[in-house]
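In what follows, a single structure is set out as structure tokens and then discussed.
Chains as they are written, first to last, in UniProt numbering: chain A, 1 to 846; chain B, 1 to 846.
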């Protein structure tokens with residue numbers, strides 16, 4: 001867990017100041033050594049010209065302000081318009097990506113078939129071709145992803161869930177990841193393994209949105225730099241991802257809401273709908289333009305009869321199917337986690353796999369493709385069909401067998417794969433379900449970009465078809481008693497099963513909508529809804545969703561949900577979980593103290609209190625603000641200023657004329673109050689700015705290091721650090737979030753998840769007494785929710801219970817409140833150290 | 001607006017204490033007068049026996065505690081199960097209500113037809129029958145509603161929106177309202193006026209949920225008394241309402257989310273889905289059992305061809321249809337509001353209508369039914385069809401006319417209504433659209449329970465049909481160029497138009513899903529989505545939604561949305577809008593001060609500060625808590641205690657023996673600390689308890705009034721009021737919501753709407769400086785959002801702008817912060833009184 005704590009804080013901590021001084025020191029020594037070797041002057045000149053050039057580049061950063069404000073006004077006026085344009089662009093790009101990828105995947109699969117078909121003279125060669133092809137593709141995918149961006153591995157939905165929660169996982173939204181994900185996914189899906197593209201598509205769409213934002217920001221400036229807006233756009237992007245993957249705009253929006261959000265702002269609704277619709281539209285239009293289809297229709301169009309889709313008396317069968325799918329979904333999630341945990345726990349396997357990262361995917365692929373080899377075992381489980389072909393066959397509206405005897409069904413070209421001369425269709429279906437079940441669970445643990453939705457959907461469809469065919473045999477003329485005969489439609493069961501199983505695995509209800517959009521028919525709405533709800537009820541009571549399971553496996557910094565009703569049970573308060581050792585700065589802090597605080601703390605912002613005695617919270621300051629204050633104080637401008645004055649005082653005009661003019665020019669260029677001003681106006685573009693300025697400072701300091709004795713600089717630095725901080729022009733948030741000690745865990749959780757907070761200060765009558773961050777909250781909650789089905793009671797709560805009765809803790813003891821405020825606070829019952837340890841233990845065990 | 005402020009606070013303000021003393025005084029005088037007339041003793045005895053009986057009834061209120069805690073545990077364990085049962089019951093009841101109501105409506109309409117048909121010999125009689133029938137029904141509906149519960153008038157969605165926002169509108173969820181709404185709605189719809197049932201059904205379902213909660217609470221005790229839970233249930237109920245009205249579970253859930261929520265908790269999702277599905281299922285199953293249908297299918301099943309639902313080149317037509325519907329929707333909302341406002345402004349009309357409330361609905365009905373009289377003007381606008389029949393005809397998949405010549409279409413029995421021998425189908429359609437448009441806008445302003453969704457849906461379908469028929473004439477063989485001929489399906493246009501117009505009026509996207517579920521076909525998904533999104537884009541930029549419009553007309557206490565992008569524009573801070581004159585109590589307050597504060601304030605809770613000097617906020621106390629403290633201090637127990645001691649001190653044992661034992665027995669029965677204890681443990685059941693105790697106290701005080709001189713009591717009361725309040729055992733919320741003065745309006749708005757707050761305290765370094773309630777926030781926001789299309793700038797913001805520049809206000813001036821804290825606060829720029837007036841004016845004008 002510690003790794004994530006540092007990841008959250010890693011950017012600010014080792015970003016600017018720390019690295020700056022360290023590098024400076026190293027470089028200074030190197031340069032001094034080189035200087036002693038001679039040839040310094042020429043070098044200085046070249047350094048000067050480059051630094052001057054760089055300074056030219058960022059001359060007068062305040063000039064931006066005017067641009068900013070006028071732009072801001074334009075921004076406000078045109079914001080809605082910009083949104084539309086952005087969403088259209090996003091939809092367009094994603095539709096193109098989706099379409100091209102589909103084409104590439106189809107091509108890959110065709111190539112395999114062609115190879116396999118061409119070699120039908122020799123079984124061994126055929127087997128080698130059948131097996132080698134996916135192994136090569138998967139290995140390439142795994143290797144490529146590993147080298148370019150390991151963040152592209154897996155589904156991406158857990159990560160998006162975490163990012164939308166407000167936690168910054170920067171590496172997950174880079175161009176490298178985009179390339180790795182798209183190419184890796186194409187290869188992985190092209191291999192024909194039981195992998196899906198829905199989850200990765202959510203990630204790809206988010207990547208697209210993030211990159212598009214960046215691109216447009218570079219093109220049009222500040223318009224695309226609002227962080228709140230980016231979150232809104234990311235959440236729209238998730239909808240686009242699902243939408244253009246299945247050409248299911250409504251289902252896409254709903255699925256992305258269910259999967260990624262805890263609280264959903266209804267005003268963002270239209271964004272998702274608009275982008276997903278546009279994207280799905282373009283995606284399908286491309287197919288029409290390419291002459292693949294005559295017009296825009298559903299991806300897996302079904303042709304069930306409309307007038308009598310199902311009998312009322314079939315509903316119990318649908319309900320049983322739903323419940324069975326619920327158990328199946330829970331089993332899938334459990335199996336998937338079990339495999340990952342087994343691999344991790346077996347130390348020898350783990351070590352081996354860590355060294356040879358490509359062995360695992362290659363081995364898994366080898367086993368799976370061997371088992372599906374059509375002339376071998378594959379003939380009993382329709383091994384030669386791709387996912388798409390299998391699904392089309394499973395959703396067919398005609399019955400495969402009747403009266404126990406397999407019918408001849410050759411109307412669809414690839415339906416014969418299901419019919420084996422010696423073996424019943426039922427055996428084929430059961431084998432297909434069982435084999436695909438574990439294969440999918442194993443395949444999704446491979447380190448390639450892949451999702452589990454589509455394989456699960458397929459298994460569900462097969463299971464539904466199995467139930468449907470059974471029903472068709474049991475009631476050959478349909479159930480309906482009076483009058484006309486309506487035979488049972490096994491395809492309808494397949495639709496219901498697909499929705500129910502995928503709903504159970506992902507804990508969503510919107511899979512129902514996705515199947516309607518996917519099949520283009522809504523006639524089975526009631527059976528689908530009933531099955532999906534029952535499947536969800538069963539699965540949710542047994543296991544977390546697949547995505548939550550992955551979040552726990554990957555230990556992503558996501559705030560878990562409070563269990564139903566649990567929050568009333570445990571009366572944990574903020575004072576039990578808060579960190580009492582808060583990093584703060586006071587109004588009279590010196591720069592040295594600021595430096596120390598910056599070195600040690602991890603949170604994005606720091607508390608500003610009145611004084612160490614009063615501890616009254618005045619506000620919070622962003623880390624970057626303090627860093628810029630510090631670098632301003634120790635920065636090259638003031639440093640040069642000091643040096644020049646020092647030189648003038650000593651009357652030593654011994655430097656070369658060139659160096660002197662250089663100093664003067666630098667001085668006039670870089671006017672003192674500019675850096676914080678830049679920070680005020682364009683604080684989202686910090687990174688690029690600071691890196692440029694960093695370069696300048698670096699070069700300038702090289703120049704001065706060469707010209708001056710090192711000791712003098714060090715002395716000056718020490719002196720500067722002892723000065724009190726000047727907080728003028730520093731952006732202070734005067735209203736950081738505050739809780740009081742007795743705020744309940746439940747309330748804290750609600751506030752954190754509703755407002756997407758990272759941390760909140762705990763105050764007691766205005767005095768800062770602690771801080772609670774996501775990490776503490778997560779710890780406290782994870783003690784109280786089910787981890788693997790076993791409920792763990794948070795030790796702190798039980799401790800609390802033994803001390804107080806429930807009724808007493810409800811009534812606030814005023815005298816305590818009073819005494820605490822008066823400073824005569826009662827000796828707080830100290831939490832025994834073993835209790836604290838236990839909490840950590842519970843957390844680590846997981 | 002003031003009326004709502006007082007309504008919010010009305011319950012606590014005039015509830016317990018005020019009335020108690022007043023009644024006591026009056027009764028005491030009467031009793032004293034009667035005593036003087038003689039016959040006192042017998043009366044006293046009877047009083048004693050009744051009071052003893054009542055005391056017996058609530059003897060040992062703390063005994064409940066054990067029950068409570070054991071129940072609570074059960075509650076936690078079984079909560080989820082209870083939810084399921086509750087939702088099933090709700091779904092069942094609503095399905096039955098919906099089905100019975102549909103039957104009754106169909107019967108009413110059939111009766112009218114039969115009457116009308118039976119009198120075809122005499123035109124005048126026929127006309128009278130045609131007109132009288134709806135006039136009587138509507139007048140009855142209006143009168144019945146008016147007498148039983150005026151809250152049942154109208155749609156109910158605006159009220160539900162307000163209630164789900166957290167504002168208590170108690171009268172809207174009573175049994176009376178339920179009866180009034182159900183019967184009123186049945187009559188209103190049975191009359192055949194262009195009215196809908198969707199909105200009222202949302203209200204009816206919520207009423208059902210509230211009553212069911214109450215009923216189950218009475219049956220099983222505390223399990224159903226959680227307020228948070230009730231809100232969750234209400235939001236599920238809204239989904240049920242829509243779901244069982246249209247048999248559209250998914251669309252129902254989404255529509256109710258879009259219409260009623262600002263932020264939606266995804267964990268409540270399943271509740272809505274489950275209840276709506278169950279309810280829709282039962283609703284449709286009832287139809288099957290009743291032999292109306294063979295199996296469960298869609299309500300308005302369409303039979304469009306599946307293989308080629310529409311041509312890609314038809315999409316521009318669909319888009320134009322969507323945009324036109326957007327304008328139409330905005331016009332409808334505008335027209336509806338215009339009618340209401342006209343009626344209000346015309347003082348003479350207004351006065352007349354207020355006196356004769358039934359004249360307006362009767363007149364409107366008369367006009368509308370006259371115009372639709374089939375042998376009269378109605379023949380040109382299919383006047384004889386009910387809404388249901390019209391919609392079935394409009395959604396038909398065959399073309400009505402081809403090549404400009406009206407075809408013979410007699411395949412559906414009521415399609416001939418559209419075909420007039422002399423008049424083109426187009427003329428009929430246009431007349432239908434235009435007439436129904438204003439008729440619906442007028443009819444929905446009648447004071448009967450009615451919605452506007454269905455009429456708008458119908459108009460949209462007619463408009464779509466018009467466009468579709470036009471397209472069919474323009475492209476008689478379809479647009480598709482190569483190969484097979486696919487004629488245009490005008491029914492598809494009708495579906496698209498219906499979804500787009502109803503989407504535009506309600507500002508929702510989920511009408512798309514509703515039409516899919518209503519027609520049972522999803523093949524037109526892309527055209528529908530495109531049209532709905534375009535219609536929404538147009539309508540949202542022109543007018544508020546119909547429900548928001550009604551909220552403004554009715555001046556319901558709803559927090560409006562911040563306009564898009566507006567929030568960045570106006571830098572209003574909490575300090576600009578907060579109320580500085582906060583009602584608070586201090587730790588050293590006397591009971592008299594508490595009494596005064598209770599008399600004057602309006603908010604549900606009161607701030608507790610350390611002292612008037614320091615003003616440090618310690619917490620907040622609920623009004624009811626203070627009231628119980630006060631009544632405990634002045635209550636009968638202490639009063640009797642005092643009297644007895646007083647009597648003993650004076651050594652006057654002159655009372656009758658009976659009265660003395662009476663006092664003793666009372667004393668032993670009612671042990672001192674019990675009343676606050678009751679409050680602590682069962683504070684949700686306050687009202688019933690207090691009323692019972694109120695009775696007891698009342699009787700007891702009668703007894704003491706009779707036995708003692710009045711002046712002595714008054715003196716004692718004064719003395720008691722001067723004592724400092726004892727806050728022990730008083731429930732204090734130690735963490736009320738706090739903002740600081742510089743919290744922006746945007747942040748405040750977000751927090752209020754996310755957390756459903758009623759008010760928040762404003763503190764400055766722990767000191768209470770003000771309070772912001774919903775009312776202030778609403779005022780501030782309404783200054784900045786469009787009211788009737790004209791943007792009104794909030795005067796405070798403009799004032800602010802002139803003083804500061806934007807950049808300055810971004811950077812917090814630390815010295816101000818510092819000075820303010822130090823108590824040397826800068827003289828705050830006083831808001832000129834005319835500015836304040838202006839704000840009020842803006843608010844009142846609306």
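All C-beta atoms, glycine included, are put in the ideal place defined by N, C-alpha and C.
TODO: Give the straight-line distance between the Cα atoms of residue 751 of chain A and residue 758 of chain A, rounded to the nearest whole angstrom.
DONE: 11 Å
Task: Option in B:739, B:430, B:250 with minimal Cα separation from residue 514 of chain A - done: B:250
Open item on the list: Could you compute how far the alpha carbon of residue 158 of chain B sits from the alpha carbon of residue 548 of chain B?
Closed with: 7 Å
- [ ] Just the chain B side, please: which residues come within less than 8 Å of residue 288 of chain A by C-beta, in chain order?
- [x] 312
Open item on the list: Quick check: residue 531 of chain A and residue 318 of chain A, are their CB atoms within less than 8 Å of each other?
Closed with: yes
Open item on the list: Counting C-beta neighbours from all protein chains within 10 Å, is the total for residue 38 of chain B 16 or more, i.e. buried, or is it exposed?
Closed with: Confidence is the limiting factor: at residue 38 of chain B the pLDDT is only 40, short of 50, which leaves the residue's position unreliable and the question unanswerable from this model.
- [ ] For residue 733 of chain A, name the three-state secondary structure that DSSP assigns.
- [x] strand
TODO: Could you tell me the boundaries of the beta strand (DSSP E) in which residue 608 of chain A lies?
DONE: 605 to 609
TODO: Would you mind telling me which residues of chain A sit closer than 7 Å to residue 296 of chain B, beta carbon to beta carbon, in chain order?
DONE: 312, 526
Task: Secondary structure of residue 399 of chain B, DSSP reduced to three states - done: coil
Task: Within 8 Å of chain B by C-beta, residues of the region 507 to 526 of chain A in sequence order - done: 509, 512, 513, 516, 517, 520, 521, 522, 523, 525, 526
Task: For residue 331 of chain B, the nearest candidate out of B:539, B:736, B:478, B:195 (CA to CA) - done: B:539
Task: Contacts of residue 250 of chain A in chain B (Cβ-Cβ under 8 Å) - done: 512, 513, 525, 529
Task: C-beta atoms of residue 445 of chain A and residue 336 of chain A nearer than 8 Å - done: yes
Open item on the list: Rounded to the nearest angstrom, what separates residue 439 of chain A and residue 314 of chain A at their Cα positions?
Closed with: 31 Å
Task: Short-range partners of chain A found in the region 735 to 752 of chain B, where Cβ spacing is below 9 Å - done: 735, 736, 738, 739, 740, 741, 742, 743, 744, 747, 750, 751
Open item on the list: Just to confirm before moving on: does the CB-CB distance between residue 432 of chain A and residue 382 of chain A stay below 8 Å?
Closed with: yes
Task: Bounding residues of the beta strand (DSSP E) (the contiguous stretch that carries residue 633 of chain A) - done: No beta strand (DSSP E) holds residue 633 of chain A; the alpha helix (DSSP H) holding it covers 623 to 634.
Task: CB-CB length for residue 357 of chain A against residue 447 of chain A, believed under 8 Å - done: 7 Å
Open item on the list: On the DSSP letters alone, give me the boundaries of the beta strand (DSSP E) that residue 768 of chain A sits inside.
Closed with: 767 to 773
Task: Span of the beta strand (DSSP E), counted from its first residue to its last, around residue 738 of chain B - done: 738 to 740
TODO: Return helix, strand or coil for residue 167 of chain A, following the three-state DSSP convention.
DONE: coil
Task: is_contact[residue 305 of chain A, chain B] using C-beta, thresh 8 Å - done: no
Task: Close Cβ partners of residue 503 of chain A (< 6 Å) along its chain, the five nearest in sequence each way excluded - done: 511, 532, 535, 536
Open item on the list: Taking its Cβ as the centre, do 16 or more other Cβ atoms sit within 10 Å of residue 507 of chain B, making it buried, or is it exposed?
Closed with: buried
Open item on the list: residue 272 of chain B and residue 235 of chain B - do their beta-carbons sit closer together than 8 Å?
Closed with: yes
Open item on the list: Can you tell me whether residue 265 of chain A is helix, strand or coil according to DSSP?
Closed with: strand
TODO: Step through the CB atoms of chain B and report whether any lies within less than 8 Å of the CB of residue 473 of chain A.
DONE: no
Open item on the list: Would residue 217 of chain B pass as an interface residue toward chain A - the criterion being a Cβ-Cβ separation below 8 Å?
Closed with: no
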